[in-house]
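Here is the structure we will look at.
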Amino acid sequence: MDSITKNRQSTTTLRAMIERAYGPDQVPDGEDFATELSYGFFNALYRVRLRDGAQAVLKIAPPAGVALMAREHGMMRNEIAAMELVRRASDVPVPRVHHNDVTGDLCGADWFAMEYVDAACFGIAAEAGELTPEVVDAGFEHLGALNRDLNRIVGERFGPVDGPGFATWPEAATTMFADVLADGARAGVDLGWDADVVRKVWDDHADVLAEVTVPRFVEVDLWAKNSMIREGRIVAIIDHERAMFGDPLMEAGLTGLDLPFFPDPTPFRRGFGLTGLTDGERTRRHLYTLWLAVTMLVETTYREQTPEQYRWAREQLDIVLGLLGRTR
Numbered sequence: 001m002d003s004i005t006k007n008r009q010s011t012t013t014l015r016a017m018i019e020r021a022y023g024p025d026q027v028p029d030g031e032d033f034a035t036e037l038s039y040g041f042f043n044a045l046y047r048v049r050l051r052d053g054a055q056a057v058l059k060i061a062p063p064a065g066v067a068l069m070a071r072e073h074g075m076m077r078n079e080i081a082a083m084e085l086v087r088r089a090s091d092v093p094v095p096r097v098h099h100n101d102v103t104g105d106l107c108g109a110d111w112f113a114m115e116y117v118d119a120a121c122f123g124i125a126a127e128a129g130e131l132t133p134e135v136v137d138a139g140f141e142h143l144g145a146l147n148r149d150l151n152r153i154v155g156e157r158f159g160p161v162d163g164p165g166f167a168t169w170p171e172a173a174t175t176m177f178a179d180v181l182a183d184g185a186r187a188g189v190d191l192g193w194d195a196d197v198v199r200k201v202w203d204d205h206a207d208v209l210a211e212v213t214v215p216r217f218v219e220v221d222l223w224a225k226n227s228m229i230r231e232g233r234i235v236a237i238i239d240h241e242r243a244m245f246g247d248p249l250m251e252a253g254l255t256g257l258d259l260p261f262f263p264d265p266t267p268f269r270r271g272f273g274l275t276g277l278t279d280g281e282r283t284r285r286h287l288y289t290l291w292l293a294v295t296m297l298v299e300t301t302y303r304e305q306t307p308e309q310y311r312w313a314r315e316q317l318d319i320v321l322g323l324l325g326r327t328r
């Protein structure tokens, strides 16, 4: 997937990054030691072969000068903080970080080197038909169980793992939703709806957010494509950059409750242990889908994505506004 935020680097720079992370004895010869991993819309990602034959992954934040949305500033630092927390406070599998560099002197941005996980991307393999329906079902159930384990991690405040923090969930969620609307206004994004109308829909239902009183760890982006599978089991969770302390009901694996385009959430819910939803919980889930739909729509401009992606995102926004009682 292509995006102007991808900070691609020459083999010369990649060698310099390997030297800093692993030492001069591990700098590879030749030009074929690096392969760009193309999935994902935001960061540049390379699988590299070290001189001793071991493999690693280099992840590079967007270059300076590229317009970013409010929550995207410093996201790589949030990801590092989230990975360290998950490894310390749970048994959920995440790659080991080998080196973290925030100097910006090699590639003009934050970057880190991490363990290469020898496994298939669950979402890509499922879409390609490489997994049986039984394995796909079990994979989503396993993701739900891992999500439940992650939610057991409790923070002191609400908001991104690396801050800023908020005392209450209504304050945190409403501030971050307002930031996305402001991102859209700043970039001149046509939501297909007046932004004040969208904000009023949020405000009219936001009282249910007060039901959330414990700041629990949420990956937010726990999609199938952000997990690795081997022999029918999820062996790693990747892409933790949007992780925060918030409401477990906002996790991506539940998006199919509201938007038919997304995978059936039944096996995820089974692993998560989520049966029925109260009226308040269902409204909260609708609000999080609204937040996601606006984010996906605004991203199409910031990422310079295709008109087709923009039209699709507008359709998702129409659907969720309907769920919250707003129709044209």
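With UniProt numbering applied, the sequence shown corresponds to residues 1 to 328, in that order. Just so you know, even glycine gets a beta-carbon here, dropped at the ideal spot from N, CA and C. Quick caveat, the model's predicted, so the values are computed rather than measured.
Residue i (DSSP reduced to helix, strand or coil)
i	result
Leu58	strand
residue 376	As displayed, the chain neither begins before 1 nor continues past 328, which places residue 376 out of reach and without an answer.
His99	strand
Val298	helix
Phe262	coil
Gly246	strand
Ile319	helix
Thr289	helix
Ile4	coil
Arg326	coil
Phe112	strand
Val48	strand
Ala34	strand
Cβ separation of residue i and residue j, assumed to be a contact under 8 Å, to the nearest whole Å
i	j	result
Val298	Asp183	5 Å
Arg15	Val27	5 Å
Ala34	Val48	5 Å
Pro160	Ala109	Wrong, their Cβ atoms sit about 19 Å apart, outside the cutoff.
Gly139	Phe122	5 Å
Asp247	Trp169	6 Å
Residues near residue i in its chain [Cβ-Cβ closer than 7 Å; skip 5 each side]
i	result
Val136	Ala126
Thr255	Phe262, Thr289 and Leu292
Asn100	Ile80 and Phe112
Cβ-based neighbour list, residue i, same chain, cut-off 6 Å, excluding 5 preceding and 5 following
i	result
Trp291	Phe177
Val102	Asp110
Nonlocal neighbours in the same chain, by C-beta distance under 8 Å from residue i, ignoring five residues either side
i	result
Asp239	Gly40, Glu79, Asp221 and Asn226
Leu68	Thr5, Pro62 and Tyr302
Ile153	Leu85, Val86, Ala89, Ser90, Arg216 and Phe217
Asp149	Ser90, Asp91 and Val92
Check: residue i C-beta below 7 Å from any heavy atom of the ligand MN
i	result
Glu19	Judged by which ligands are present, the structure shown has none, so any question about the ligand MN falls away.
Uninterrupted alpha helix (DSSP H) stretches inside the stretch 115-182 (no shorter than 4 residues): Scanning the stretch 115-182 from its first residue to its last, the whole alpha helix (DSSP H) runs of 4-plus residues come out as 122-127 and 133-151.
Touching or not, the stretch 228-236 and the stretch 200-209, by the rule of three or more beta carbon pairs under 8 Å? The stretch 200-209 and the stretch 228-236 do not touch, with fewer than three beta-carbon pairs separated by less than 8 Å.
So does the stretch 241-254 actually touch the stretch 271-286, counting three or more Cβ pairs closer than 8 Å? Contact between the stretch 241-254 and the stretch 271-286 is present: three or more C-beta pairs spanning the two stretches fall below 8 Å.
Jot down the residue ranges of each uninterrupted beta strand (DSSP E) in the stretch 191-253, minimum 3 residues, whole runs only, in chain order. Counting only runs of 3+ residues, the beta strand (DSSP E) found wholly inside the stretch 191-253 occupies 216-218, 227-230, 233-237 and 244-246, in chain order.
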